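So for the sequence shown, full-length UniProt numbering puts the first residue at 1; every next one is plus one.
Virtual Cβ for every residue (Gly too), placed ideally from N, Cα, C.
All values derive from a computational prediction rather than experimental measurement.
Okay, so here's the structure we're looking at.
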Amino acid sequence: MSTIHIPPTPAGLRLTSWLSVFNSPSNTETALLEFHQQSFLPPNEFANKSTTNELALRSRTGGFDPLEIITSEPTKISVLLQQKSDGERWGTVTVEVESQEPYYIIRFLIQRQGLEGEGGPGEEESSTAKQTESVG
1 MSTIHIPPTP
11 AGLRLTSWLS
21 VFNSPSNTET
31 ALLEFHQQSF
41 LPPNEFANKS
51 TTNELALRSR
61 TGGFDPLEII
71 TSEPTKISVL
81 LQQKSDGERW
91 GTVTVEVESQ
101 EPYYIIRFLI
111 QRQGLEGEGG
121 PGEEESSTAK
131 QTESVG
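Laid out in structure tokens, this is it:
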């Protein structure tokens, strides 16, 4: 499996940071919560639920490898993900950040491939800085 290069744009850097925290088996809910508190537009009242859902997702998938960049702009990036547990194509992650420093995340969506609009429990995981969209 070759690793793709995620561009060092504000959105790309936030995505790279999230993948690092999300994929580390030694990171606890505290580490993910800290990432959310530092990276998302405050106040992030949904951080606790989001981190719980993300840990459950990591447990099911073994983490993610970025497989292909779908779109890349300075403030928005979407990437196709492959789960580490079995190499299956899983879905996408989209990260959108503010246009100025400190580039807080304003939209963060993790979506299971092929399930757009179905939104079944456990099939789509997402969180945003402005509202909760978490399902799990």
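According to DSSP, residue i sits in a beta bridge with which residue or residues?
{"i": "residue 76", "result": "73 and 96"}
{"i": "residue 105", "result": "40 and 97"}
{"i": "residue 66", "result": "81"}
Alpha carbons only, please: which of the options is nearest the one belonging to residue i?
{"i": "residue 93", "options": "17, 112 and 10", "result": "112"}
{"i": "residue 54", "options": "21, 80, 97 and 98", "result": "21"}
{"i": "residue 91", "options": "85, 99 and 79", "result": "79"}
{"i": "residue 86", "options": "59, 5 and 99", "result": "59"}
{"i": "residue 23", "options": "48, 64, 15 and 110", "result": "64"}
{"i": "residue 109", "options": "28, 50 and 84", "result": "50"}
{"i": "residue 84", "options": "25, 72, 46 and 48", "result": "25"}
{"i": "residue 137", "options": "56, 57 and 95", "result": "Outside the displayed range of the chain (1 to 136) lies residue 137, so it cannot be described from this structure."}
To the nearest whole angstrom, what separates the beta carbons of residue i and residue j, a pair I think is in contact under 8 Å?
{"i": "residue 75", "j": "residue 97", "result": "5 Å"}
{"i": "residue 77", "j": "residue 9", "result": "7 Å"}
{"i": "residue 12", "j": "residue 4", "result": "That belief does not hold up - the Cβ atoms of residue 12 and residue 4 are roughly 11 Å apart, past 8 Å."}
{"i": "residue 100", "j": "residue 89", "result": "Going by Cβ atoms, the distance from residue 100 to residue 89 rounds to 34 Å, so no, they are not a contact pair."}
**OP:** Flag this pair as touching only if the region 56 to 72 and the region 35 to 47 have three or more C-beta atom pairs under 8 Å; answer yes or no.
**Re:** no
**OP:** Could you tell me whether the region 102 to 109 touches the region 37 to 46, using the rule of 3 or more Cβ pairs below 8 Å?
**Re:** yes
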